[in-house]
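Protein chains in written order, with the numbering used here: chain A, 1 to 117; chain B, 1 to 114. Where a beta carbon is used, it is the ideal one built from N, C-alpha and C, also for glycine. The block underneath contains the structure these notes are about, expressed in structure tokens.
Here you go:
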């Protein structure tokens with residue numbers, strides 16, 4: 001299957017700083033990317049949907065100024081957690097789909113464990 | 001809405017079969033998926049079933065779909081200790097621009113005892 005690479009896999013940052021997470025589709029063009037957040041022992045909650053070249057669509061309750069999403073190319077989307085606080089500590093996962101293949105699968109990155117201290 | 005429910009825990013002995021159950025509420029779902037997540041890792045697609053199918057088998061995995069009851073199950077034959085993980089049921093809908101967006105259950109923690 002297609003490969004989605006997410007980087008970094010783990011990051012620890014100080015409260016008040018910003019952290020950027022990258023999501024790359026390695027062998028296909030990802031017209032749409034999704035950013036999920038997973039709390040311990042919880043399900044994945046969609047944060048936002050980004051389409052290449054346009055502004056991301058955020059889910060209700062997700063602060064767009066805090067979680068900046070950029071999808072500038074068909075192979076890269078970034079999520080920047082701005083002015084991070086301990087409550088932002090979580091597991092963030094991206095997934096990517098291609099409109100060339102409407103059939104079956106969203107491909108997931110490996111996830112990023114963010115710890116804000 | 002798109003509520004997906006799963007039981008949270010399942011324990012089985014190595015070599016036995018495991019059955020993980022999932023229920024959903026929206027009958028317009030298009031594809032239903034099973035993902036596996038090992039500790040600290042991302043999601044690995046195990047299998048999926050299109051909503052007009054009743055059953056799909058792939059080696060040790062069997063997926064059963066009962067559309068009338070909105071019930072999906074994943075059976076793992078000859079369960080091994082390496083199957084210990086969290087299993088997520090998910091659904092998607094083929095409508096408009098939300099294609100590819102998945103709605104997940106909370107996950108079932110499968111523990112396999114030797």
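Sheet register partners of residue i (DSSP bridge)
i, result
"residue 67 (chain B)", "Its beta-bridge partners do not exist; DSSP assigns none."
"residue 39 (chain A)", "DSSP output for residue 39 (chain A) lists no bridge partner at all."
"residue 58 (chain B)", "B:61"
"residue 67 (chain A)", "A:81"
"residue 75 (chain A)", "According to DSSP, residue 75 (chain A) bridges with nothing at all."
"residue 8 (chain B)", "DSSP output for residue 8 (chain B) lists no bridge partner at all."
For residue j and residue i, believed in contact at Cβ under 8 Å, the rounded distance
i, j, result
"residue 82 (chain B)", "residue 6 (chain B)", "Rounded, the Cβ-Cβ distance is 21 Å, inconsistent with contact."
"residue 92 (chain A)", "residue 111 (chain A)", "7 Å"
"residue 37 (chain B)", "residue 88 (chain B)", "7 Å"
"residue 5 (chain A)", "residue 24 (chain A)", "5 Å"
"residue 34 (chain B)", "residue 25 (chain B)", "With 8 Å as the limit, residue 34 (chain B) and residue 25 (chain B) do not qualify as a contact, their Cβ atoms being about 18 Å apart."
"residue 51 (chain B)", "residue 17 (chain B)", "The pair is not a contact, with the Cβ atoms about 25 Å apart (cut-off 8 Å)."
Extent of the continuous beta strand (DSSP E) run through residue i
i, result
"residue 7 (chain A)", "4–7"
"residue 47 (chain B)", "43–50"
"residue 29 (chain A)", "Counting along the chain, residue 29 (chain A) falls outside any beta strand (DSSP E), and DSSP gives it neither H nor E."
"residue 108 (chain B)", "108–113"
"residue 91 (chain A)", "90–97"
"residue 55 (chain A)", "Run containing residue 55 (chain A): none; DSSP gives neither H nor E here."
Contact with chain B by residue i, beta-carbon distance below 9 Å
i, result
"residue 93 (chain A)", "yes"
"residue 53 (chain A)", "no"
Neighbour flag for residue i against chain A, beta carbons, 9 Å
i, result
"residue 92 (chain B)", "yes"
"residue 45 (chain B)", "yes"
"residue 25 (chain B)", "no"
"residue 4 (chain B)", "yes"
"residue 101 (chain B)", "yes"
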